[in-house]
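S.K.: Residue numbers (UniProt numbering): 1 to 253. Every residue gets a Cβ at the ideal spot worked out from N, C-alpha and C, and that includes glycine.
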């Protein structure tokens, strides 16, 4: 992870503290779904569904974007000689498998759930229609967005920001695997690395931090959409993030 200077860790007094949002888009890493292996770990997905169900019952509208790294990563398949376009489409199909698994466990929790995909597959999901997604959320349903943007070369991080803007979400919640926020250096190699509670999108872009895709940061910065980066580990991290607790790193414009 790229180094951030101590000076860049200043808190902007004009940015309000984290408060409980009304509508959020939650990004979940595909690697989490697999529990560190290829495929889907039902125990992990069930635990995620329970957290999302808790948030939903508290009246917060939740939409979810799921990665597909537990099945395929287009960029990695390309390195092994596969055409990037085809590899990315394989990754999109992997995200849909994760979506269906999460939907199943959410409905077992008694939460009405709809999967919307950017690639048409009418037998398993609705097409992505922003106004329909908003209507589902207003009715108390959880909406899960699959198949990325439906186009190659777009990361699910970027899709998360784009979907959040289209459905008028208050915040992006970026759940990360293996890190619980933005640090002054890579905590896995630098024991002196310090986690930052607040930072701006501009600082992250200027210093090339690789916490999420830079296109996602740019979209959020231009539209003043806050993003909370927090760790996936733990039994209640999603619940705490949605409750407005001090967790992870809040990134603002």
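(1) Give me, in chain order, the residues of the same chain whose beta-carbon lies closer than 6 Å to that of residue 94; leave out the 5 immediate sequence neighbours on both sides.
(2) List the residues that DSSP assigns as beta-bridge partners of residue 171.
(3) List, from N- to C-terminal side, the beta strand (DSSP E) runs of 3 residues or more that fit wholly inside the stretch 35-83.
(4) What runs of the alpha helix (DSSP H), each 4 residues or longer, lie entirely inside the stretch 170-242?
(5) Taking the straight line between their C-alpha atoms, what separation do you get for residue 5 and residue 184?
(6) Please state whether the Cβ-Cβ distance between residue 32 and residue 48 is less than 9 Å.
(7) Taking three-plus beta-carbon pairs below 8 Å as touching, is the stretch 122-134 in contact with the stretch 172-181?
(8) Taking the C-alpha atoms as reference points, what is the distance between residue 23 and residue 39?
(9) In angstroms, rounded to a whole number, what distance separates the CA positions of residue 221 and residue 35?
(10) Taking DSSP as the reference, what is the three-state secondary structure of residue 140?
(11) Could you pull the start and end residues of the beta strand (DSSP E) that residue 124 belongs to?
(12) List the residues that DSSP assigns as beta-bridge partners of residue 250.
(13) Work out the CA separation of residue 197 and residue 27 for me, nearest whole Å.
(14) If distances are taken between C-alpha atoms only, which option among 90, 37 and 106 comes closest to residue 142?
(15) Kindly identify the DSSP beta-bridge partner or partners of residue 114.
(16) Check residue 152 in the structure and name its three-state DSSP category.
(17) Figure out for me which residue from 161, 59 and 192 has the closest Cα to the Cα of residue 212.
(18) Can you grab the Cα-Cα spacing for the pair residue 92 / residue 148, in whole Å?
(19) Please state if the CB of residue 243 and the CB of residue 200 are separated by a distance shorter than 9 Å.
(20) What do you reckon, are the CB atoms on residue 52 and residue 238 nearer than 9 Å?
(21) Measuring straight from C-alpha to C-alpha, what distance separates residue 81 and residue 117?
(22) If we call anything under 9 Å between Cβ atoms a contact, is residue 63 one with residue 137?
(23) Tell me the DSSP secondary structure of residue 245 in three-state form.
(24) Which same chain residues, not among the five before or five after residue 3, have their C-beta less than 6 Å away from its C-beta?
(25) To the nearest angstrom, how far is it from the Cα of residue 59 to the Cα of residue 83?
(26) Between 50, 101 and 85, which has its C-alpha nearest residue 41's C-alpha?
M.R.: The relevant details are as follows:
(1) Excluding sequence neighbours, residue 94 sits near 68, 71 and 72.
(2) For residue 171, which the question treats as bridged, DSSP gives the partners 24.
(3) 61-66
(4) 201-207, 214-222 and 237-242
(5) Its pLDDT being 35, under 50, residue 5 is placed unreliably in this model, and the value from its coordinates should be taken loosely. Rounded to the nearest angstrom, the two C-alpha atoms are 7 Å apart.
(6) Closer than 9 Å, so yes.
(7) no
(8) 30 Å
(9) 32 Å
(10) DSSP places residue 140 in the coil class of the three-state scheme, outside both helix and strand.
(11) Careful: residue 124 lies outside any beta strand (DSSP E) and carries neither H nor E.
(12) 198 and 228
(13) 19 Å
(14) 106
(15) 143
(16) coil
(17) 161
(18) Straight-line Cα distance between these residues: approximately 6 Å.
(19) Cβ atoms of residue 200 and residue 243: not closer than 9 Å.
(20) yes
(21) The alpha-carbon of residue 81 is positioned some 27 Å away from that of residue 117.
(22) yes
(23) coil
(24) Since pLDDT at residue 3 reaches only 41, below the 50 mark, its modelled position is unreliable, and the value read off the structure follows with that caveat. Excluding positions up to five away in sequence, the list reads 185.
(25) Take the alpha-carbon of residue 59 and the one of residue 83: they are about 44 Å apart.
(26) Looking at the Cα atoms, 101 is the closest of the given residues.
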